[in-house]
């Protein structure tokens, strides 16, 4: 098993009343679930909430002690549908996934859940991945909360607030019969801190009781006429109940409320950034005590009208700090103030960036502009010259405008395949095929293989979602001289690709090719096991072959390659699939274990063996600088991070030669590519022996002597020819 172990973190889940929990925000959420008396948890892995899933997977004994059911769901939709257990029974359930891609997948189940409502507390923990470093489209979960009328919590990024939000989320859900979404930005998930633990609670109503005493309420099912009544119930009953709960519990917070006649309304998740900006501007101290009144919306939706009016009363102006677009909160507050006839000036996206992550720099610039406009900060003076103690030297003060932009001084670092990644040779082979057959339309998918759209491969035309690689090529199923190629990973295959892609291709008699990259795990999310994983998993069923599933839905032309590093074999199989006269969908399953997970599993074993004095052999590749021509085709067709260049040792040649760095893991792709592409034979394979035996040492001495003799003889021959 290559899944990361969280054995140490799991120990913290046993902390009792009064003990101190220290760790990451997402781990604190796991402990809070146990303290809340949750009955079941489900979800799909994805940054930044993968840790929650991984910890729960390693905590099966603790969960069993408390009667908690945990599932690694097949998809986010599967996870969201699990919350159906809370519709008719007083069972607290939680699901978790990455937003907004996960929320997109789960939206149908969430909409039905929110329509009928819940009896037990239903909590959706959403890992919000927003900003420049995000791997997904720039959208907000807030829109889903508004669309389906689920309440959204956005707590301040510290462990006590996050833990309290989990517990309060269940209570708010039960008080208003509405599912609650808990939004945790990536920084909140990874913030470190501590909180005082409480005892873990066993659910008062168990899953066993629910099974043995089934209940049904037809009014909770989304079917006319009940579905038409749900909307009225949302407005007349659930919304007022939620507002009362939020007001009475004081979920939103006021700081320095009457300290000034201006104020800032900030989403709870942006609180730390906002306070830091105020501290840098001299308007707050290092402990977060602000001189500017703050209204912190730990509940992002619904907006509480009475609290907004209370905060804005008597203030000349208010700044709304709302990350992302559209500006839902700002629009809502504008309506509240207009309907109240308030004269308070409202600012938001006019002073802050309209879109993009609200970094400390962005928030500080907007806050500065707001405070300068209303006289809380003096306008910044133009850059002046600074004269030091010695009058002979005058050093000008460098302004921000004079500094070289970051993108000009630091090279971009686009994502790429890891060293030794088994997916790289697939696309090397694809480039070789396209060199012979011409360019093909390639429908990409979500996963590590999406890196193929970047240099040096530049392969991939579109990507439509996780497991939708084959579906993205569906429209191109027509008579032509070429076939479309679709790519998906094993994680995407089991998530959505089998039905939406492969089965759909069979049903619609597609003649295109689908390449399923099988690296044994959902590698991009942390190496979690899936149905086709080779690892033996004590709590889940693995070892189910993708080829059997593909044939099971009707695909006739299926090829499985057990070693993707065989570039020539990959090239020939791809060429056959693209040129065969056989009609119908074609599927190639390219199998090799994720190198990152393989190294994670094997390196500790190797280190231990070396420490124990055992003989260990590590293979790595190198380049003979005298043979290398310097055309760098190996780099263009491989792109391995371990392949680099160095100065040419031949003074008569200017081109730098290829070089293999010490990070090489000996996968052999560079050499395979060289042979398959008929490139220069400059690659060689070497063996690094740790704890060599006497025979190893003797063999090395003999080799050294023979090679030395041959080199001396060659040098003497060259010397004679020179004269």
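Numbering (the numbering used here), first residue to last: 324 to 1046. Glycine included, every Cβ here is placed at the ideal spot set by N, Cα and C. Only a predicted model underlies this, so the values are computations on that prediction, with no experimental measurement involved.
- Within the segment 785 to 841, complete alpha helix (DSSP H) segments of at least 4 residues are found at 827 to 830, given in chain order.
- For residue 858, no beta strand (DSSP E) encloses it, and the DSSP letter there is neither H nor E.
- Note that the segment 875 to 886 touches the segment 894 to 912; at least 3 beta-carbon pairs, one per stretch, sit closer than 8 Å.
- In the DSSP annotation of this structure, the continuous segment of the beta strand (DSSP E) that includes residue 506 starts and ends at 503 to 508.
- Listed as beta-bridge partners of residue 462 by DSSP are no residues whatsoever.
- For residue 427, the enclosing alpha helix (DSSP H) begins and ends at 424 to 439.
- Each of 403, 791, 592 was checked against the Cα of residue 618, and the nearest Cα belongs to 592.
- Residue pairing of residue 1016 in beta bridges, as defined by DSSP: absent, with no partner found.
- Comparing alpha carbon positions, the residue from 552, 523, 478 closest to residue 574 is 478.
- Within a 10 Å sphere around the beta-carbon of residue 1025 sit fewer than 16 other beta-carbons, which makes this residue exposed.
- Take residue 519, set aside five residues on each side of it, and the residues of its chain with a beta-carbon closer than 7 Å to its own are 341, 343, in chain order.
- If you draw a straight line from the Cα of residue 686 to the Cα of residue 978, it is about 48 Å long.
- The beta carbon of residue 472 sits closer than 8 Å to those of 437, 501, 557, 561, 562, all from its chain and outside the five residues before and after it, given in chain order.
- The continuous beta strand (DSSP E) containing residue 451 extends over residues 445 to 451.
- Selection 917, 413, 820 evaluated against residue 791 yields 820 as nearest (Cα-Cα).
- The shortest C-alpha to C-alpha distance from residue 829 to any of 787, 808, 874, 799 is the one to 874.
- When C-alpha distances from residue 781 are compared across 807, 753, 805, the shortest belongs to 753.
- For residue 576, the enclosing beta strand (DSSP E) begins and ends at 576 to 578.
- With fewer than 16 other Cβ atoms inside 10 Å of its own Cβ, residue 1027 counts as exposed.
- In the displayed model, residue 911 falls within a strand according to three-state DSSP.
- The C-beta of residue 480 has 16 or more other C-beta atoms within 10 Å across all chains shown, which makes the residue buried.
- For the alpha helix (DSSP H) assignment, the uninterrupted runs of no fewer than 4 residues enclosed by the segment 484 to 538 are, from N- to C-terminal side, 509 to 513, 530 to 535.
- For residue 780, the three-state secondary structure derived from DSSP is coil.
- As summarised for the segment 882 to 960, the continuous alpha helix (DSSP H) elements at least 4 residues long and confined to that stretch are 890 to 902, 918 to 934, given in chain order.
- In this structure, the alpha-carbon of residue 1039 lies about 20 Å from that of residue 974.
- For the set 669, 644, 506, the Cα lying nearest the Cα of residue 638 is the one of 669.
- For residue 702, the CB contacts under 8 Å within the same chain, skipping 5 residues up- and downstream, are 695 in chain order.
- In this structure, the CA atom of residue 360 is about 27 Å from the CA atom of residue 542.
- A buried status is given to residue 693, since no fewer than 16 other beta-carbon atoms sit within 10 Å of its beta-carbon.
- Contact check for residue 938 against residue 1012 passes: the beta carbons are separated by less than 8 Å.
- Residues of the same chain with a CB within less than 6 Å of the CB of residue 646, apart from the 5 flanking positions on each side, are 593, 681 in chain order.
- For residue 665, there is no enclosing alpha helix (DSSP H), as DSSP marks it with neither H nor E.
- Burial state of residue 616 is buried, judged by a 10 Å Cβ sphere holding 16 or more other Cβ atoms.
- Residue 956 and residue 991 have their alpha carbons spaced roughly 16 Å apart.
- In this structure the segment 377 to 385 does not lie against the segment 428 to 447, because fewer than three pairs of beta carbons, one per stretch, are closer than 8 Å.
- By the beta-carbon neighbour count (other beta carbons within 10 angstroms, threshold 16), residue 486 is buried.
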